[in-house]
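Q: Here the protein sequences line up with chains A and B, keeping their order. Here my numbering is used: the first residue of the first sequence is 141, the next is one more, and so on. Here my numbering is used: the first residue of the second sequence is 141, the next is one more, and so on. Glycine included, each C-beta is placed from N, C-alpha and C at the ideal position. Have a look at this one before I ask anything.
Protein chains: 2
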Amino acid sequence: MDIASNNDALGLLTDLYELTMLQAYWHESMNETATFSLFFREMPLQRNFMLACGQEYAARLVRQLHFPAEQVDRLKALDLFQDAFLEWLQDFHFQGDIHCLPEGTPVFPHEPIMEITAPLMEAQLLESLLMNLVHLETVLASKAVRMVLAAGDRPVVDFGMRRMHGSDAALRGVRAYRAAGLAGTSNVLGGLQHDLPLRGTMAHAYIQAHDDELAAFRAYSRLYPGTTLLVDTYDSRGGVDKVIRLARDEGLDIGAIRLDSGNLAKQALDARRQLDAAGLESIRILVSGGLDEYRISRLLAEGAPIDGFGVGTSMGAASDAPTLDLAYKLTEYAGRPRLKNSPGKQLFPGLKQVWRQRDAQGRYQQDRITARDEQGEGQPLLQPVIRAGAPCREAPDLSVTRRQVATHLEKLPEPLLSLTPSECYPVQFSERLKALRESVLQELPDN
Amino acid sequence: MDIASNNDALGLLTDLYELTMLQAYWHESMNETATFSLFFREMPLQRNFMLACGQEYAARLVRQLHFPAEQVDRLKALDLFQDAFLEWLQDFHFQGDIHCLPEGTPVFPHEPIMEITAPLMEAQLLESLLMNLVHLETVLASKAVRMVLAAGDRPVVDFGMRRMHGSDAALRGVRAYRAAGLAGTSNVLGGLQHDLPLRGTMAHAYIQAHDDELAAFRAYSRLYPGTTLLVDTYDSRGGVDKVIRLARDEGLDIGAIRLDSGNLAKQALDARRQLDAAGLESIRILVSGGLDEYRISRLLAEGAPIDGFGVGTSMGAASDAPTLDLAYKLTEYAGRPRLKNSPGKQLFPGLKQVWRQRDAQGRYQQDRITARDEQGEGQPLLQPVIRAGAPCREAPDLSVTRRQVATHLEKLPEPLLSLTPSECYPVQFSERLKALRESVLQELPDN
Numbered sequence: 141m142d143i144a145s146n147n148d149a150l151g152l153l154t155d156l157y158e159l160t161m162l163q164a165y166w167h168e169s170m171n172e173t174a175t176f177s178l179f180f181r182e183m184p185l186q187r188n189f190m191l192a193c194g195q196e197y198a199a200r201l202v203r204q205l206h207f208p209a210e211q212v213d214r215l216k217a218l219d220l221f222q223d224a225f226l227e228w229l230q231d232f233h234f235q236g237d238i239h240c241l242p243e244g245t246p247v248f249p250h251e252p253i254m255e256i257t258a259p260l261m262e263a264q265l266l267e268s269l270l271m272n273l274v275h276l277e278t279v280l281a282s283k284a285v286r287m288v289l290a291a292g293d294r295p296v297v298d299f300g301m302r303r304m305h306g307s308d309a310a311l312r313g314v315r316a317y318r319a320a321g322l323a324g325t326s327n328v329l330g331g332l333q334h335d336l337p338l339r340g341t342m343a344h345a346y347i348q349a350h351d352d353e354l355a356a357f358r359a360y361s362r363l364y365p366g367t368t369l370l371v372d373t374y375d376s377r378g379g380v381d382k383v384i385r386l387a388r389d390e391g392l393d394i395g396a397i398r399l400d401s402g403n404l405a406k407q408a409l410d411a412r413r414q415l416d417a418a419g420l421e422s423i424r425i426l427v428s429g430g431l432d433e434y435r436i437s438r439l440l441a442e443g444a445p446i447d448g449f450g451v452g453t454s455m456g457a458a459s460d461a462p463t464l465d466l467a468y469k470l471t472e473y474a475g476r477p478r479l480k481n482s483p484g485k486q487l488f489p490g491l492k493q494v495w496r497q498r499d500a501q502g503r504y505q506q507d508r509i510t511a512r513d514e515q516g517e518g519q520p521l522l523q524p525v526i527r528a529g530a531p532c533r534e535a536p537d538l539s540v541t542r543r544q545v546a547t548h549l550e551k552l553p554e555p556l557l558s559l560t561p562s563e564c565y566p567v568q569f570s571e572r573l574k575a576l577r578e579s580v581l582q583e584l585p586d587n
Numbered sequence: 141m142d143i144a145s146n147n148d149a150l151g152l153l154t155d156l157y158e159l160t161m162l163q164a165y166w167h168e169s170m171n172e173t174a175t176f177s178l179f180f181r182e183m184p185l186q187r188n189f190m191l192a193c194g195q196e197y198a199a200r201l202v203r204q205l206h207f208p209a210e211q212v213d214r215l216k217a218l219d220l221f222q223d224a225f226l227e228w229l230q231d232f233h234f235q236g237d238i239h240c241l242p243e244g245t246p247v248f249p250h251e252p253i254m255e256i257t258a259p260l261m262e263a264q265l266l267e268s269l270l271m272n273l274v275h276l277e278t279v280l281a282s283k284a285v286r287m288v289l290a291a292g293d294r295p296v297v298d299f300g301m302r303r304m305h306g307s308d309a310a311l312r313g314v315r316a317y318r319a320a321g322l323a324g325t326s327n328v329l330g331g332l333q334h335d336l337p338l339r340g341t342m343a344h345a346y347i348q349a350h351d352d353e354l355a356a357f358r359a360y361s362r363l364y365p366g367t368t369l370l371v372d373t374y375d376s377r378g379g380v381d382k383v384i385r386l387a388r389d390e391g392l393d394i395g396a397i398r399l400d401s402g403n404l405a406k407q408a409l410d411a412r413r414q415l416d417a418a419g420l421e422s423i424r425i426l427v428s429g430g431l432d433e434y435r436i437s438r439l440l441a442e443g444a445p446i447d448g449f450g451v452g453t454s455m456g457a458a459s460d461a462p463t464l465d466l467a468y469k470l471t472e473y474a475g476r477p478r479l480k481n482s483p484g485k486q487l488f489p490g491l492k493q494v495w496r497q498r499d500a501q502g503r504y505q506q507d508r509i510t511a512r513d514e515q516g517e518g519q520p521l522l523q524p525v526i527r528a529g530a531p532c533r534e535a536p537d538l539s540v541t542r543r544q545v546a547t548h549l550e551k552l553p554e555p556l557l558s559l560t561p562s563e564c565y566p567v568q569f570s571e572r573l574k575a576l577r578e579s580v581l582q583e584l585p586d587n
């Protein structure tokens, strides 16, 4: 259900042109070393930074890319491919190198998230798959971290599975959420796969199926001590009264109430007063229902006594910026730097490195993109992950990634942490790269 | 990779509260017949209608929902569930009834897309999974059909796999695209699975990897007679000159050129003139690159001589309306209609039917939502698909669905086919439903 299951067909999860180009390269005996760079050109208007996510997972998944006979037969039936090429495909396994930003790295336009260096055919073949993989997690992690920023020290839990785009998004989304710092997820399989704590309360249907809300609350809190009760099926004030009766008078262990609709700030304030007046200061108040980072931020700014947030729809599809203009561009082939002629677009040829410079307080100050073998200042971000087809770095431990994201959030310039658009983080290109670009542009076949 | 692969874990692709509610129902011996309704409350601002899609697929997939021992063991490890309940879960298979709108039906707020009638525990368990399934295809089909409307008789091809949200979205998205009327897809596995023709051209990288654009074009069109050549890697006018040289002077069979960036209208006009002047009227012009329904519509309104469109990003994530506020609500339990008290929300209890009425010209005029056993005027839309756990209707044939969508587009009121917001299509509730709602509201436990 996620992209790694049934991976016999993984090779066919690609765009047709990758395979037709491959056959053309094969036909023309063009298979010298190529480098492709995966990056995006423009920051979505609603983001100040993106969290690069999924690239180390993707780099490892590439090793599972293969074309078993039954899949090759499906291609054969298309009448597009020659037997000798299909034999090459059936023998395919990736033998190249992959450099990646560590997962969870804040990333800006033009910075390579991955660079793939391999025989041309191998490197070309990865394009559509790598883009799909990195796009999803990067888009979702970059949205989720905004919820974390808005909620401050209150936990944010993912309730979004039902409106995420299919099962793979729902499962790998939880991976991105764990990296981004969410406290838990309602998604059982996602949480189990990626070790994010499972959280859940009850649906309105549970209350409605009972003839009596009190009986429903009683049954649920007896079965699940410390549980959260959804109090707004009929009237949240009446719901809270019942919670008080059960917790104070009957001694049941109720951990929290949840409000899911209406004026959440007012209801939370009223509920807090009711609970406190009954001596139930320990019962927490959770809210959900159409939340996004702006609503979370407003609720807290209004002083609403809210202890945690359940967020679904807006985060699950990253509704305000559901896509990123990721590109996978050939930057070098057969020892020669390559470039598409795109007037106005800042494309640079050749293998690269990204250097992150800090100020005296340790805050990120600016990035500089250099040629790969150029010495820069600060910390070089791209790391080798796959060498000659084999991993050369431990698989990312999501708990480490999560801590690193928290550290990055402390070190990003303050304005970038705002929910509203800030000035761009400075990213510069080295003089050597600029000179290389000019010389390649001069030599472009059609200039 | 799509939701149906590795379906041993399908049961765990759910929200935790479904399972905790189930155990509570089990504990309370609450398992009488329940009906849940799957519908949405509000039309996204950017849509005049939605195409309901995925519901018949989902209804059939429910029959594969099961909990093998190794999955139950994962739940056991959570320390939330009792052994006797887990035994019930291990024996689970769906035995209820499901009514659906036929796939591809234009649907409006409050109209049930599915109604599930089953023992409460079975019906509750389906919530998160059905929502995830129907949400994805409905959101994607409803966006894709707008491309088809904008492009008129020109073919629209899906190029979106790389920026769709994961593999399941990319694969089932092609299913939705086929229903919506797209002409083809670049997505190999998606196209093979859902029988949509595969289309593809070449990437800029193919041209860049060659030292000479002409050599690249020549090699590709020799290998793939009738192919499409991407002419804008360096300069589209120069690219078209080379196409002319190959097609006219060397007699190669070139089917089309593709323009992927810059001013597409101007470049298309220039290219058309160049090609026509060379007597190459038969070479078509395809465009791609950041297209959506509005740009397609503008290009055609400007008279750009374009023969087909490749659309990716905006369609692949339905960027302007990537989510729908689908809800799965309990409307009847143990013979009693049920309702959540939601002031201002038009929720209605009980089993329902949707009747679509036509005017004298056969155009859809209005819909009326009635009680299920009420006689209405026009055509009843909800059909039984699963009875007592078994299919009672043939699986949807996507070629039929596609034809039905085309017919629906002819019969929808003209203003709804506009890309800009039109007046709402009229949907009324029967007097009997209104009376039922009032009586249930009067009897709500907490009123």
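Does DSSP classify B/His275 as helix, strand or coil?
A: helix
Q: Helix, strand or coil for B/Tyr86? Go by DSSP, reduced to three states.
A: A query on residue 86 of chain B cannot be resolved here, the shown segment of chain B reaching from 141 to 587 and no further.
Q: Under 7 Å Cβ to Cβ from A/Glu210, same chain only, skipping five residues before and after it: list those, please.
A: none
Q: On the premise that B/Gly194 lies in contact with B/Leu276, defined as a C-beta separation below 8 Å, what is that separation, rounded to the nearest angstrom?
A: 6 Å
Q: For the segment 221 to 235 of chain A, which residues have a CB atom closer than 8 Å to at least one CB atom of chain B, in sequence order?
A: For the segment 221 to 235 of chain A, the beta-carbon criterion of a distance under 8 Å to any beta-carbon of chain B is satisfied by none of its residues.
Q: What distance in whole Å lies between the Cβ atoms of A/Thr325 and A/Leu191, which are believed to be in contact at a cut-off of 8 Å?
A: A/Leu191 to A/Thr325, Cβ: 17 Å. No contact.
Q: Does the Cβ of B/His239 have 16 or more other Cβ atoms within 10 Å, making it buried, or fewer, making it exposed?
A: buried
Q: A/Tyr360 lies in the beta strand (DSSP E); which residues open and close that run?
A: Unbroken run through A/Tyr360 is the alpha helix (DSSP H), Glu353 to Leu363; no beta strand (DSSP E).
Q: Just checking: is the beta-carbon of B/Ala258 within a distance shorter than 8 Å of some beta-carbon in chain A?
A: It does not; no Cβ of chain A falls within 8 Å.
Q: Does the beta-carbon distance from A/Ser376 to A/Gln407 come in below 8 Å?
A: Going by C-beta atoms, A/Ser376 is nearer than 8 Å to A/Gln407.
Q: Below 7 Å on C-beta distance, what does B/Thr154 contact in chain A?
A: Val328
Q: Measure the CB-CB distance between B/Asn481 and A/Thr463 and report whether it falls below 8 Å.
A: no
Q: Give the secondary structure of A/Ile446 by DSSP, where H, G and I count as helix, E and B as strand, and everything else as coil.
A: coil
Q: What residues from chain A crowd round B/Pro462, counting only those whose CB sits closer than 7 Å?
A: Ala457, Ser459 and Pro462
Q: Which residues mark the beginning and the end of the beta strand (DSSP E) in which B/Val380 is found?
A: That residue, B/Val380, is in no beta strand (DSSP E); its alpha helix (DSSP H) goes Ser376 to Ile384.
Q: Taking Cβ positions only, does A/Gly490 come closer than 8 Å to chain B?
A: no
Q: Per DSSP, which one or two residues make a beta bridge with B/Arg527?
A: For B/Arg527, which the question treats as bridged, DSSP gives the partners B/Ala530.
Q: Between the alpha carbons of A/Leu338 and A/Gly244, how many angstroms are there, rounded?
A: 22 Å
Q: Using the DSSP secondary-structure output, state which residues sit across from B/Ser177 in a beta bridge.
A: B/Glu255 and B/Lys469
Q: What does the Cβ neighbour count give for A/Lys382, buried or exposed, with the cut at 16 atoms within 10 Å?
A: buried
Q: Contact criterion: CB-CB distance below 8 Å. Does A/Ile143 meet it with respect to chain B?
A: yes
Q: What three-state label does DSSP hand A/Asn587 in the structure shown?
A: Here A/Asn587 scores only 42 on pLDDT, less than 50, and its place in the model should not be relied on; the value that follows carries that caveat. Reduced to three states, the DSSP call for A/Asn587 is coil.
Q: Can you tell me where the alpha helix (DSSP H) holding A/Ile436 begins and where it ends?
A: Start and end: Glu433 to Ala441.
Q: From the beta carbon of B/Asp293, is the nearest beta carbon of chain A less than 8 Å away?
A: no
Q: Around the C-beta of B/Leu332, are 16 or more other C-beta atoms found within 10 angstroms, so that it is buried, or is it exposed?
A: buried
Q: Could you say if the segment 566 to 574 of chain A and the segment 486 to 493 of chain A meet the contact criterion of at least three C-beta pairs nearer than 8 Å?
A: Taking 8 Å as the limit for Cβ pairs, the verdict is that the segment 486 to 493 of chain A does touch the segment 566 to 574 of chain A.
Q: Out of B/Gln186, B/Gln515, B/Met342 and B/Ala217, point me to the one whose CA is closest to A/Gln163's CA.
A: B/Met342
Q: Would you say B/Tyr473 faces chain A, with C-beta separation under 8 Å as the test?
A: Using a CB distance cut-off of 8 Å, B/Tyr473 counts as an interface residue toward chain A.
Q: Could you have a look at A/Asn481 and say whether DSSP puts it in helix, strand or coil?
A: coil
Q: Taking the Cβ atom as the reference point for each residue, do A/Arg303 and A/Thr453 lie within a distance shorter than 8 Å?
A: yes
Q: Comparing the C-beta of B/Asn272 with each C-beta of chain A, is any distance below 8 Å?
A: Interface residue (Cβ-Cβ distance to chain A less than 8 Å): B/Asn272 is classified as such.
Q: Check whether the Cβ of A/Leu159 lies closer than 8 Å to any Cβ atom in chain D.
A: This model lacks chain D altogether, as its protein chains are A and B.
Q: Helix or strand or just coil, what does DSSP make of A/Thr505?
A: The sequence shown places Gln at residue 505 of chain A, rather than the Thr named in the question. Strand.
Q: I'd like to know whether the C-beta atoms of B/Lys492 and B/Ala511 end up nearer to each other than 8 Å.
A: The answer is yes: Cβ separation under 8 Å.
Q: What number of angstroms, rounded off, separates the C-alpha of B/Met455 from the C-alpha of A/Met254?
A: 25 Å
Q: Report the three-state DSSP secondary structure of A/Thr463 (helix, strand or coil).
A: coil
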